[in-house]
Amino acid sequence: MKARFKSGKNVDILKIRERNIVEYTEKYGLRFFLDFRIDNHTGERMQAIDPNEQYLIDMMRERVSSCPKEQSISTTGTFLIVANHKILHGRPQMNIDKSLAGEYTSDGRLSKTPRLLFRSKGPRDEINFYI
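Under numbering that gives the first Met the number 0, the first residue of the sequence shown is numbered 0, with each subsequent residue one higher.
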């Protein structure tokens, strides 16, 4: 089944991408591409390309809303990393000396950094590093 994915309100132009909602590759295995959000500006972010299949997406959207929710109490120093298709991990703060953290991040490749959260809210030259 193919779906059409629309960009949301944080994008200056409307971007639309068509793709299968489930794919299998040798490298990554099963991958799911689902977006059940309904944006105030663009409407449903994921719509079936074939109108006869839209009921499947509607059924999934309805059932997802009734699933039990996982709750995480965020506190200072905790974080959760979410990749495009899966949650990688969530863990408590690192117990690392700030000067040692500075030493790790001074290497432009960041290859020696034990764990690093990239947080981007803007152009690439403004990426924030949190340790």
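Beta carbons: idealized from backbone N, C-alpha and C, even for Gly. Quantities reported herein were computed from a predicted structural model and do not represent experimental measurements.
For residue i, the three-state DSSP class (helix, strand or coil)
| i | result |
| --- | --- |
| N39 | coil |
| G28 | strand |
| I15 | strand |
| R3 | strand |
Contact check, residue i vs residue j, beta carbons under 8 Å
| i | j | result |
| --- | --- | --- |
| K5 | R44 | yes |
| F32 | I15 | no |
| A47 | I56 | yes |
Close-in-space but distant-in-sequence residues of the same chain around residue i (CB under 8 Å, 5 per side omitted)
| i | result |
| --- | --- |
| L13 | K5, S6, T41 |
| T24 | R30 |
Beta-carbon contacts of residue i that lie in its chain and below 6 Å, excluding the five residues immediately before and after
| i | result |
| --- | --- |
| R18 | F32 |
| Q53 | A47 |
Any non-hydrogen atom of the ligand SAH within 7 Å of residue i CB
| i | result |
| --- | --- |
| S98 | This structure does not include the ligand SAH; it has no bound ligands of any sort. |
Contact set for residue i: own chain, Cβ-Cβ below 7 Å, skip 5 residues either direction
| i | result |
| --- | --- |
| D34 | F4, R44, M45 |
| R60 | F35 |
Residue-chain proximity (residue i, chain D), Cβ-Cβ < 8 Å
| i | result |
| --- | --- |
| D96 | The structure shown has no chain D; it contains just one protein chain. |
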